[in-house]
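Report on one structure; see the data block that follows.
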Amino acid sequence: MISTLHLSFDPDLPTWLLSLCALVGILTVFLVRTPVHTSATTRALLRGIRMCLVATALVMIAGPTWTRSQTQTRTDVVPVLLDHSGSMAIQDTLEGRRIDAVQAAADQLVTGAKSSRHFEWYGFSDTLEPLRTRSDGRPFLPEPAGGPTQIGVAIESALDRVVDLPVSGLILMTDGRGPLSIATAALRQRGVGVWVVPIGDSDPPADIRIAKVSAPAGAFADDPVPIDIQLDRSDEDGTSHSQSILIKLTDVEDGRLLESSRHQITPGGTVRESLSVLPELPGRARWLLEIVSADKTVVSELIEVEIHDRPMRVLYLEGRPRVLYRFLGPMLTRERSIDVSILLQSADEHAAPEGNTPIRRLPAGGDELDPFDLILIGDVDPRGFTESQLSDLREHVLEGAGLLWIPGSGVPAEHWIDTPLAGLLPVSPSTDRVVTSGSMQLSPEGESLGLALPDVTPIEWAHAPEAGRPQARALLEMYTHEGRRTPGLLLMPAGRGRSAWLATDDVWRWPSEANHGSRLLLSIARLLSREVAPEEPVLRVKPDPALGRTVSITLQGVDHVEGGDPLIVQVHDERGVLREEVALTRDASGRLYQGQWKPMSSGQRSLQLSIQDHLVHHDTQVHPGVQEDMRLGADIEELRRLAEQSGGSIADMSELGQLLGQLPHRSREVTTSFSEGPALSWPLWLVFTALAGAEWALRRWSSLA
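Numbering (the working numbering), first residue to last: 65 to 769.
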């Protein structure tokens, strides 16, 4: 800044009146009479003094003032508009969300510009507000919220805020779309160019989410590990046609492709797929599940399974040497990946025990039962065991072991009533079971869990229960000759373990050359022996909630809740205030709780549900009014036209350094003047008084002379 001091005039009279006073003064000088006997020299001297008097008076009337002028350079500013609307929460890539890309770009601008540019930071969605900055100049960008994205309103508001400043150019980072007529008019009126950094994919893949991935926590070598996958696609991802997706599973350690499959998924649709992986090495297997759409990875999830370097341990309890016993015992003993111990209830005490690891009595307590991964109960009379022994078996299953029931015709089911194991039967012991025959088929869930396909040859003997327990689901279904459909294999959770019930022991009748019976029984045994991954209760909201729109709330991972239906979900706002309550009831499958929620206000919401002292919560954002398009990225061509029409350009994230070089410099010098008070007041009065005295004295002297 440069400062100078100079003399200026600030008259109280208008210019025309000041000019008139000057004319009157000059005429007075020449028209005032002078004695005739006065010499020419005296007359000239009097006129000179009078002219000085008039001049001094005119100067005094003109108001001489000391004025200080300061000249400074006004640096141009660069308004930067950062989009933080709700759609910025979308994760286009595995690296992060759109909002994270905006924050990284803003930080890069500050680093690249150093002190050569002055940024004015603004955030916007449907409104515009200034952003706070850190000590190094980087902006604080809030979490995505609000919408729809109003680019035109944001640009117009930003230009109004810097109307008195020289603007170099405006930088816009957004994933929004047109129309942009308001922005074009505002930029043209101010003569300012906009440089656009589009955020998001202009051709985004479908909005696909991994709704569920089921994989065991542990398995055995040579044990094909099933992975059950459910994918959901939003019905609001901006497209109306089905899209091809690739489901692929790769080994994290070496990048090998393990399994893959292709599907078509429609808006609002669901895809279910089951992959099977045969692990090669023991230890912790780490597999990456990726969903690829339009050659882009939409979403991924890491799957970890502990592969045990030991055979599967099976304890087989049988009542009598029925046909299944003579078929199943040798089959398990021959299988290299299985170590079986067999206890035949009716065997003579001198008979040689069978199996890879022979036993002569039922293992007692946790220490002896701990090695066994699967308890297989055949046509066993529970009266042959003590209540303590049956309680030990029950506790072992509840702690994570598998239990497979293969009943026969020798022991009535009613014998299990009032025993410790009665609660682990997938069918009630008191349920009437009609003997029937028919063919076995896998249910969709049985296929997803990797069970081997049964033979199409009808079996001649099977139980046909009226129904299974509410939490049991059918993995095999029997189609009887009478046209009925009845469960062939029921599976239900039992604490940390699982219990299954096979309706028939007639699988030995299937042709031996195809080994249908062996493969099916082995696949059931492996399924039950794998460690079950703990399923945590999860609340989900679908689709993304918006004000006044009904959405579905589901609770997964809960098999039984004391007290029954309904479960109450409390909806709290960001201040913890209870806003609404939603009732969830168990659906027809018995595996989900569902309820409908119609948000009556917008903003951040926390859904909370207490289940047996365990708090389940889910945070979500309720969008106001009509929700903006939550999937599509920026309209590159529309934004390019906006930039070019205003004199700017479009740049991607890798061109931010060039963008700063394209911005014009519009700094200008501004001079400011201000008065420091009157100048020469008393000296002028002294001069005026002296001149007046001199004129009077000279006139008197000339008259006397």
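Glycine is no exception: its CB is placed at the ideal position from the N, C-alpha and C atoms.
Note that this is a predicted model, so its numbers are computed, not measured.
Expected contact under 8 angstroms - CB spacing of residue i and residue j to nearest Å
i      : j      : result
Gln668 : Gln685 : 6 angstroms
Gly235 : Val142 : According to the sequence displayed, residue 235 carries Ile and not Gly. Ile235 to Val142, Cβ: 6 angstroms. Contact.
Ala285 : Ser357 : In fact, because the Cβ distance is near 35 angstroms, the residues do not count as touching under 8 angstroms.
Ile114 : Glu759 : The sequence given here places Arg at residue 114; Ile does not occur at that position. Between Glu759 and Arg114 the Cβ distance is about 6 angstroms, and since that is below 8 angstroms, they are a contact.
Arg730 : Ser232 : 5 angstroms
Val277 : Leu205 : Not a contact, Cβ separation roughly 32 angstroms.
Pro490 : Gly532 : 5 angstroms
Val258 : Gly712 : 5 angstroms
Val378 : Leu440 : 6 angstroms
Burial state of residue i (16 or more Cβ within 10 Å)
i      : result
Arg196 : exposed
Gly393 : buried
Val362 : buried
Ser665 : exposed
Gln307 : buried
His414 : exposed
Val633 : buried
Ala222 : buried
Pro422 : exposed
Leu642 : exposed
Pro427 : buried
Glu382 : buried
Val118 : buried
Pro194 : exposed
Ala165 : buried
Leu396 : buried
Cβ-based neighbour list, residue i, same chain, cut-off 6 angstroms, excluding 5 preceding and 5 following
i      : result
Ser324 : Lys312
Thr521 : Trp574
Ile291 : Ala279, Leu339
His182 : Thr139, Val141
Thr618 : Arg604, Leu656, Gln658
CA nearest to the CA of residue i, picked from the options
i      : options                        : result
Ser662 : Arg650, Glu644, Glu701         : The amino acid occupying residue 662 in the given sequence is Lys; Ser does not appear at that position. Out of Arg650, Glu644, Glu701, Glu644 has the C-alpha closest to the C-alpha of Lys662.
Ile402 : Ala222, Trp525, Pro375         : Pro375
Ala209 : His148, Trp469, Pro78          : His148
Ser593 : Asp318, Trp746, Leu513         : Leu513
Gln505 : Val166, Leu566, Glu463, Gly559 : Leu566
Phe391 : Asp437, Ile470, Arg348         : Ile470
Arg252 : Ala758, Leu706, Gly559         : Leu706
Leu342 : Gly332, Ile355, Val369, His327 : Val369
Asp224 : Ser766, Gly319, Tyr186         : Tyr186
Arg162 : Trp572, Trp525, Gly561, Thr238 : Thr238
Glu701 : Pro212, Ser199, Gly150, Arg241 : Arg241
Arg348 : Leu366, Ala564, Asp437         : Leu366
Arg537 : Leu388, Gln167, Met556         : Met556
Gln672 : Ala465, Arg604, Leu145, Pro728 : Arg604
Gln620 : Ala564, Phe436, Ala275         : Ala275
Thr131 : His681, Thr68, Asp200, Glu220  : Thr68
Asp519 : Pro534, Gln535, Glu541         : Glu541
Residues near residue i by beta carbon distance below 8 angstroms, same chain, minus five either side
i      : result
Leu720 : Ala169, Gln172, Leu173, Gly176, Val261
Thr544 : Thr500, Ser501, Gly502, Ala528, Thr550
Ala516 : His580, Arg583, Leu584, Leu586, Ser587
Ser245 : Gly216
Arg273 : Leu295, Asp296, Arg297, Ser298, Val363
His372 : Gly282, Ala283, Phe284, Ala285, Pro346
Arg386 : Gly442, Asp443, Gly472, Gly474, Asp569
Pro609 : Val615, Trp661, Pro663, Arg669, Thr684, Gln685, Val686, His687
Asp434 : His460
Gln722 : Ala715
Ile675 : Pro601, Val622, Val625, Leu631
Close Cβ partners of residue i (< 7 angstroms) along its chain, the five nearest in sequence each way excluded
i      : result
Val123 : Leu748
Ser616 : Lys606, Gln658, Gln660
Arg458 : Pro484, Leu485, Leu488
Ala597 : Ala279, Pro280, Ala281
Ala558 : Val461, Leu462, Leu467, Leu488
Asp315 : Leu322, Trp351
Asp445 : Gly383, Gln409, Val475, His479
Test: residue i CB closer than 8 angstroms to a CB of chain B
i      : result
Asp287 : This model lacks chain B altogether; it includes just one protein chain.
Please specify which runs of the alpha helix (DSSP H), each continuous and at least 4 residues long, are wholly inside the segment 186-258, giving them in chain order.
-> 215-225, 245-254
Unbroken stretches of the beta strand (DSSP E), 3 residues or longer, contained in the segment 585-666 | Listed in chain order, they are 602-606, 615-620, 631-637, 642-650, 657-661.
Scan the segment 389-450 and note each continuous alpha helix (DSSP H) run of 4 residues or more that stays entirely inside, going in chain order.
-> 429-433
Give, in chain order, every unbroken run of the beta strand (DSSP E) that is at least 3 residues long and sits entirely within the segment 482-507.
-> Runs of the beta strand (DSSP E) lying entirely within the segment 482-507, each at least 3 residues long, are 497-506 in chain order.
Unbroken beta strand (DSSP E) runs of length 3 or more, entirely within the segment 114-156: which are they?
-> Taking only runs of at least 3 residues, the beta strand (DSSP E) segments lying wholly in the segment 114-156 are 128-138, 141-147.
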